[in-house]
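In this note's numbering, the protein residues as written are 341 to 962. Built from N, CA and C at the ideal position, the CB exists for glycine as well. Because the structure is a prediction, the values reported are computed rather than measured. Some notes on the structure that comes next.
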């Protein structure tokens, strides 16, 4: 009797289901030696003979192919042996089709919502990293007549200053929660764009939802030193531009995309890496004749140039464009802002590709290109994202200092490319639903990223309570766990409670005319000025960190600014930090002790104020 005939009897189906369940339970939970034996066979023994790059290649590429091939052969053997009338396998195909068509999207969407919902409440309380503080201080200084690039040392591109100036004009200065909310809204805004793009190209939302799922996971796993960085904003604008280029035309489409790319280039010069993919998307659109493509490309370039001129116009009108150019050119030639590492570009590229997600995205998108080469629409889409993948692979190597956040753009593009491979797999009519479902299950096993590092039900609950009461967060937010100490910790890092009380003290006991010198010299060099809406005593928006990060800067120039202040306080640790300092800045410390006096002490943080009188004969050393 064929197995299909046996399974038509409900009682026998129940017996088989219970028997198979017990067998799997025994193997997985009781017969652990068998499970370990299989694991060692697949991984440990292979690792003994294939080491280094060979093993990684096997694990990322050959193992999935081998596994799929084995399952496919077993599946067909069982089909021929036990089920000639295909009763069982028709039901399996039907079930797999329902899982892919009906359950996959809701499941991914639900998990993504949980990721975001357990991250956002406490993210609103995160402090700023020094980069965001730098641009906020520069914008605030500009508002008060202290001009960036001339009165404040800087060679960064200006759009982040414009952005913070607009926020300051609308919401006021020293409103970190507002900026954090806007950054979170940028992440949310990818949802309608990617779902529209996915629906337009794949006639399904699956690709867009998968991309959103991976991007949200990645962003919710960044600590407070990596979120809200310009590199994230650059890749955000590039993703939106590429997606809009591949959907149906709408009025002023190319004008809008040109403005987005002008903003990206005015944020970071490395945004030019997106241009090959943008031009590819414009010139390979299959639904447009050649003349329309040329006209659209010309429109894009003209609007891009005009937008770029307008974005640089404030510096030109202020008379500081030449100051920016001089600072930028000097720094470019002098090269003081250079990384000490000697890692080669090939090594950096290998490190970025040597990850399951990015490697599989590359292999998958190449296989998709060969599979769908004859389909002009698919070919255009794949080539565009393959170019984006290759260009953004050089984003981190192009940066003079390879901070951890310079890896974000490539990670985001790789996630999108992986989602595209996923979408083409679901869309393709070749593989059977069983094989598709097997591939999806294997990808979930191998690539499901788990829970984001900084998404937490408990932390979000505390944050929601603090929001309801409109009071500061008592416990340090998740993203600052590795840099701020709790009250119970008595070593090196600044305590979160001390930092919060310092911010509150400065807001309540100083005015907007009071200059604040942030002289906290230990990691993570907590942001003070932008968080409180107070001007800086230093000749640079980034403050003392500029001396530490840019060796060509002069400590004497920074120290001289302390004498000029009439109404100023210094935030520092006058008893020496809790662990050895990398840079003590002795000249500045002597100036502080000469011109300032203690005002209050908050835990390990001291606040000194400008002395009302200073003995002219008592000159500080240096």
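Nearest by alpha-carbon distance to residue i: which of the options is it?
i: residue 445; options: 551, 796, 650; result: 551
i: residue 915; options: 901, 540, 943; result: 943
i: residue 742; options: 692, 716, 560; result: 692
i: residue 926; options: 887, 843, 937; result: 887
i: residue 509; options: 658, 570, 797, 484; result: 484
i: residue 934; options: 900, 516, 941; result: 900
i: residue 494; options: 478, 845, 502; result: 478
i: residue 799; options: 530, 884, 811, 817; result: 817
i: residue 641; options: 610, 660, 597; result: 597
i: residue 546; options: 663, 765, 459; result: 765
i: residue 905; options: 894, 879, 913; result: 879
i: residue 688; options: 453, 652, 732; result: 732
i: residue 589; options: 548, 603, 537; result: 537
i: residue 924; options: 863, 696, 951, 907; result: 863
i: residue 913; options: 848, 840, 647, 834; result: 834
Give the secondary structure of residue i by DSSP, where H, G and I count as helix, E and B as strand, and everything else as coil.
i: residue 725; result: helix
i: residue 656; result: helix
i: residue 489; result: coil
i: residue 909; result: strand
i: residue 825; result: strand
i: residue 895; result: helix
i: residue 464; result: coil
i: residue 858; result: strand
i: residue 864; result: coil
i: residue 550; result: helix
i: residue 948; result: strand
i: residue 560; result: coil
i: residue 739; result: coil
i: residue 452; result: helix
i: residue 876; result: strand
i: residue 357; result: helix
i: residue 932; result: helix
i: residue 939; result: strand
i: residue 915; result: coil
i: residue 835; result: strand
i: residue 793; result: coil
i: residue 443; result: helix
i: residue 392; result: Here the model assigns residue 392 a pLDDT of 47, short of 50, so the residue's position is not dependable and the matter cannot be decided.
i: residue 662; result: helix
i: residue 730; result: helix
i: residue 816; result: coil
i: residue 470; result: helix
i: residue 625; result: coil
i: residue 568; result: coil
i: residue 669; result: helix
i: residue 482; result: helix
i: residue 925; result: coil
Our contact map puts residue i next to residue j with C-beta atoms below 8 Å; I'd like the distance itself, whole angstroms only.
i: residue 606; j: residue 499; result: 4 Å
i: residue 595; j: residue 643; result: 5 Å
i: residue 871; j: residue 473; result: 7 Å
i: residue 792; j: residue 455; result: 5 Å
i: residue 451; j: residue 776; result: With a Cβ gap of about 20 Å, residue 451 and residue 776 do not count as contacting.
i: residue 703; j: residue 760; result: Between residue 760 and residue 703 the Cβ distance is about 13 Å, and since that is not below 8 Å, they are no contact.
i: residue 516; j: residue 866; result: Going by Cβ atoms, the distance from residue 516 to residue 866 rounds to 12 Å, so no, they are not a contact pair.
i: residue 461; j: residue 803; result: 4 Å
To which residues of the same chain is residue i closer than 6 Å at the C-beta, ignoring the five residues directly before and after it?
i: residue 837; result: 827
i: residue 857; result: 877, 910
i: residue 700; result: none
i: residue 729; result: 753, 757
i: residue 947; result: 909, 911, 939, 940
i: residue 614; result: 578
i: residue 623; result: 633
Give me, in chain order, the residues of the same chain whose beta-carbon lies closer than 7 Å to that of residue i; leave out the 5 immediate sequence neighbours on both sides.
i: residue 620; result: 723, 724, 727
i: residue 608; result: 497, 570, 571, 574
i: residue 713; result: 719
i: residue 746; result: 571, 735, 736, 739
i: residue 531; result: 552
i: residue 459; result: 560, 792, 794, 795
i: residue 949; result: 909, 936, 937, 939
i: residue 593; result: 584
i: residue 661; result: 652, 655
Quick one: what's got a C-beta closer than 8 Å to residue i's C-beta in the same chain, skipping five residues either side?
i: residue 522; result: 507
i: residue 528; result: 456
i: residue 582; result: 614, 617, 618, 621, 724, 725, 728
i: residue 842; result: 868, 911, 942, 945, 947
i: residue 744; result: 565, 566
i: residue 518; result: 507, 511
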